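Since the structure comes first, as structure tokens, the remarks are kept for the end.
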Amino acid sequence: MSKIKVAVIGCGSISKHRHIPEYAAIPEVELVAFCDIRLERAQAYAGQYGARAYSSYEELLAKEQLDAVSVCTPNALHAPVAIAAANAGVHVLVEKPMATTSDEAEAMIEAARRNNVVLMIGHNQRLMPPHVKAKEILQSGVLGKVLSFRTSFGHPGPEGWSIDGRDSWFFRKADAAMGAMGDLGVHKSDLIRWLLADEVAQVSAFVGTVDKKDTDVDDNAICVLRMRSGAIGSLVASWTYYKGEDNSTVLWCENGVMKIGTHPEDQVIVELTNGTVERYKVGAIATNTEQTSSGVIDAFVSSMLTQTPPSISGEEGLRSLQVILAAFEAQAEGRVISLS
Ligand SMILES: NC(=O)c1ccc[n+]([C@@H]2O[C@H](COP(=O)([O-])OP(=O)(O)OC[C@H]3O[C@@H](n4cnc5c(N)ncnc54)[C@H](O)[C@@H]3O)[C@@H](O)[C@H]2O)c1
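Position one of the sequence shown corresponds to residue -10 (the numbering used here), numbered consecutively onward.
Set out below in structure tokens:
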């Protein structure tokens, strides 16, 4: 069987730490091309993998016979690149947030449907071992219904992560559309929807730029969510946790509480009202400094090989994005936003 020919578009940090090494580890995949507007970044990987380098994704799509691409560019390019790839008949794995508006996300879903290609979104939080364990426990029914929750993601900001450091696109609205909310908040809106198997019904929020300089995007947000089930919780995203990084979720349920990512060794802790305490060591939640295999690339390749829909679809990415967009609307209008 011939190998799956993959190109990576955008050769920055997420490509370096996850997409490229994870594709390279899959025997059925051949990395055939790399693209970055800074050609030397694409050339470095092309040299390493015996592949070709491009500075234009249009040229890459016109010249290469590809099966799939990873879209790892700044957020504002996700939709145009993903749609161009789908129209070239190429399967698409796109990083989060999948797009900058609902219209863009819907156009991506439609382009994938029309061209009969896979569209998968890189919402890797769902695949992290503590979250997989938490989902399994919730599904077992031992905790009963989730009544309230908090979910947070905060770190010191993308200057310590992006390949361009302090000069990164992450700080420019034209490229990023959103700051901490698009970077971190959307991870948690996706996580909470998936964990609770529920949709967000209403959003209220404060979103602002509290401390970062020379930027037109948000660095902090605190949102209040009401789920369709009636459960109420908070979602926090921050780029100013200069000390005390947080990537944790706590769910208070009818029969007890589940704490995820609150303890360094026991990543999931379940304390029941009957006095029972269960602690699980299942491997840490990946952080910028502690990278583990995301599982996203394996899942994408598996979806192509087995010709089954991807586990994290465009529709899922759209709903998680809509929660974040609603928070911006809530902030701008000073009112509660209802999601249909
Ligand atoms: N799933 C996760 O946990 C996770 C983590 C970090 C970033 N991301 C997402 O991955 C995407 C990329 O982020 P990153 O951290 O790698 O950023 P980065 O700044 O490290 O890299 C972005 C790269 O894109 C390149 N680029 C810019 N314009 C381009 C164009 N027109 N064509 C080709 N390449 C272009 C830049 O030169 C740079 O090399 C973002 O959407 C981000 O939200 C996801």
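Beta carbons are placed, not taken as given, at the ideal position from N, Cα and C, and that holds for glycine. Predicted model, so just to flag it, every value in this text is computed and none were measured.
(request) Report back the beta-carbon spacing between residue 330 and residue 86 to the nearest angstrom; my notes put them in contact at under 8 Å. (result) Shown here, the chain extends from -10 to 329; a query on residue 330 therefore has no answer.
(request) Could you check the C-alpha separation between residue 306 and residue 286 for me, to the nearest Å? (result) 16 Å
(request) Give me whichever residues DSSP pairs with residue -6 in a beta bridge. (result) 19
(request) Please classify residue 218: does DSSP put it in a helix, a strand, or coil? (result) coil
(request) Have a look at residue 170 and residue 210 and give me their C-alpha separation to the nearest angstrom. (result) 7 Å
(request) Check whether the segment 192 to 210 touches the segment 223 to 238, counting contact only when three or more Cβ pairs, one atom from each stretch, lie closer than 8 Å. (result) yes
(message) Can you tell me where the beta strand (DSSP E) holding residue 199 begins and where it ends?
(response) Premise fails: residue 199 is in no beta strand (DSSP E) and is neither H nor E.
(message) Could you check if residue 202 belongs to the surroundings of ligand 1, using beta carbon to heavy atom distance under 7 Å?
(response) no
(message) Whole angstroms are fine: how far does the CA of residue 218 sit from the CA of residue 13?
(response) 42 Å
(request) Taking 8 Å as the cut-off, decide whether the C-beta atoms of residue 330 and residue 84 are in contact. (result) This structure cannot speak to residue 330, because the chain is shown only from -10 to 329.
(request) Classify residue 37 as buried or exposed, calling it buried when 16 or more other Cβ atoms lie within 10 Å of its own Cβ. (result) exposed
(request) From the DSSP output, read off the bridge partner residues of residue 224. (result) 140 and 212
(message) Nearer than 7 Å: is that true of the beta carbon of residue 143 relative to any heavy atom of ligand 1?
(response) no
(message) By DSSP's criteria, residue 80 is part of a beta bridge. Which residues make up the other side?
(response) 57
(request) Spatial neighbours of residue -8 within its chain, please: CB distance less than 7 Å, with the 5 preceding and 5 following residues excluded, ordered by chain position. (result) 17, 18 and 19
(message) Determine whether the beta carbon atoms of residue 54 and residue -6 lie at a separation below 8 Å.
(response) yes
(message) Comparing C-alpha positions only, which one of 234, 77, 206 and 33 sits nearest to residue 51?
(response) 77
(message) Distance check for residue 308 and residue 68, CA to CA, integer angstroms please.
(response) 16 Å
(request) Give a yes or no on whether 8 Å exceeds the smallest Cβ distance from residue 74 to chain D. (result) Going by chain labels, chain D is absent from the structure shown, which holds only one protein chain.
(message) Whole angstroms are fine: how far does the CA of residue 28 sit from the CA of residue 0?
(response) 9 Å
(request) Reducing DSSP to helix, strand and coil, say where residue 261 ends up. (result) strand
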